[in-house]
Amino acid sequence: SIQQNKGDAKKIQEAIERLSQREEPVNILVIGLTGAGKSTLINALLGDAVAKEGAGATSVQSKLEVHKGNCGGIKIRVYDTTGFSDTRGRSGNSIIREIAQANKFDLILICLRMNSRADEKVKDMFTLLAANINKKMWGRSVIVLTFANTFLQQRSIKKLPNKADIIRNEKKEFKRHVHGFLSSTLRSETIDEIPFCIAGEEERKLPTTDNWLKDLWNECIKRCNQDVSDFLSLIVKYRTVIEAGAISGGTAVGAVVGGAIGGGIGSIVPVVGTIVGATVGGMIGGGLGAAITGIVVAIKRN
């Protein structure tokens, strides 16, 4: 309804205003061994909304690659733990310890290659995480099984008919391993609450989902606090709108606001140019309009 659209728009605008006033950006941490597909995942999630910059001067960034963006005045920082598996022992531990001490991350994505085993390096990574990351940070975490498309192309799997069952069983196996890695330091309920998502490549449809990226975003949004969740929801909706081709260079952003906000996160076709869109678009005002325009411009470059 129009009233609900107005309520959703106001809620998002208020969240954006609060985020713009806080000192910290929206911080996303992506952890994984070398070759786990972290950069590919960052690009799939945010595209050109963030851009890679050089290594920072502070110690917490010395082993991190930083991607920075600004959407309507809201700063976004994505930290990629480059070369994590090359820093065993004290160095690897110092990365995790400094990350834990910072305690500033709104979302943590832990990447594991689906076409690899949960070997000793993976165990070491989770052991370090368990020893240093508190329950609150685990509550913001999502485990992402990357390279699902590549996993399905393995010779032993490629010609099998029951690929959906194979993916489900593989997820269960990874969950079993991760539970074992963390069980000595974390409560079982905390571990069980961590979502496991799959991530492919450009092809979004996989045997267990019509859109792995939509599913991943939904889980990420659930793990954030309310303000960050509302802000990320807005980014997701507009990435979806633009991928569907509903916004062109000559389309007024306000005309699509109502439909995009009124629909679910995964809705593909917004109410373009309708009374609902015009009403909500006009109601939103400059603050949210500026944020939306910034997001649209950034995403259209992707």
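Sequential numbering from 9 applies to the sequence shown in the working numbering. Beta carbons: idealized from backbone N, C-alpha and C, even for Gly.
Here the alpha carbon of residue 82 sits roughly 20 Å from the alpha carbon of residue 226. Annotation: the continuous alpha helix (DSSP H) that includes residue 173 extends over 171-190. DSSP places residue 149 inside the beta strand (DSSP E), whose first and last residues are 149-154. Excluding its 5 nearest sequence neighbours in each direction, residue 236 has C-beta neighbours in its own chain below 6 Å: 34 and 114, listed in chain order. For residue 134 against residue 186, the beta-carbon gap comes to about 6 Å, under 8 Å, which counts as contact.
Per DSSP, reduced to three states, the secondary structure at residue 239 is helical. With a threshold of 16 other beta carbon atoms within 10 Å, residue 168 falls short and is exposed. The way I'd put it, the segment 127-146 does touch the segment 182-201; three or more beta-carbon pairs between them come closer than 8 Å. Per the DSSP secondary-structure output, residue 205 pairs in a beta bridge with 152. Rounded to the nearest angstrom, the gap between the Cα atoms of residue 76 and residue 120 is 23 Å.
DSSP places residue 58 in the coil class of the three-state scheme, outside both helix and strand. Looking from the CA of residue 126, the closest CA among 149, 213 and 154 belongs to 154. The beta-carbon separation of residue 156 and residue 174, rounded to 11 Å, does not stay under the 8 Å limit for a contact.
Spatial neighbours of residue 205 in its own chain (CB-CB distance under 8 Å, excluding positions within 5 residues in sequence) are listed in chain order as 150, 151, 152, 153, 220, 223, 224 and 227. In the DSSP assignment, residue 37 falls within the beta strand (DSSP E) that extends over 34-40.
Residue 197: member of the alpha helix (DSSP H) spanning 196-200, first to last residue. If you draw a straight line from the Cα of residue 218 to the Cα of residue 32, it comes to about 35 Å. One thing to note: residue 112 has its Cβ no nearer than 8 Å to the Cβ of residue 198. Distance from the CA of residue 160 to the CA of residue 117, rounded to the nearest whole angstrom, comes to 22 Å. Check the Cα spacing between residue 242 and each of 39, 54 and 43: the tightest is with 54. Under the criterion of beta carbons closer than 8 Å, residue 49 and residue 172 do not qualify as touching, at roughly 22 Å. Residue 168: not part of any alpha helix (DSSP H); DSSP gives it neither H nor E. If you draw a straight line from the Cα of residue 128 to the Cα of residue 26, it comes to about 43 Å.
By the criterion of a C-beta distance shorter than 6 Å, residue 40 is surrounded in its chain by 46 and 119, once the five residues flanking it on both sides are discounted.
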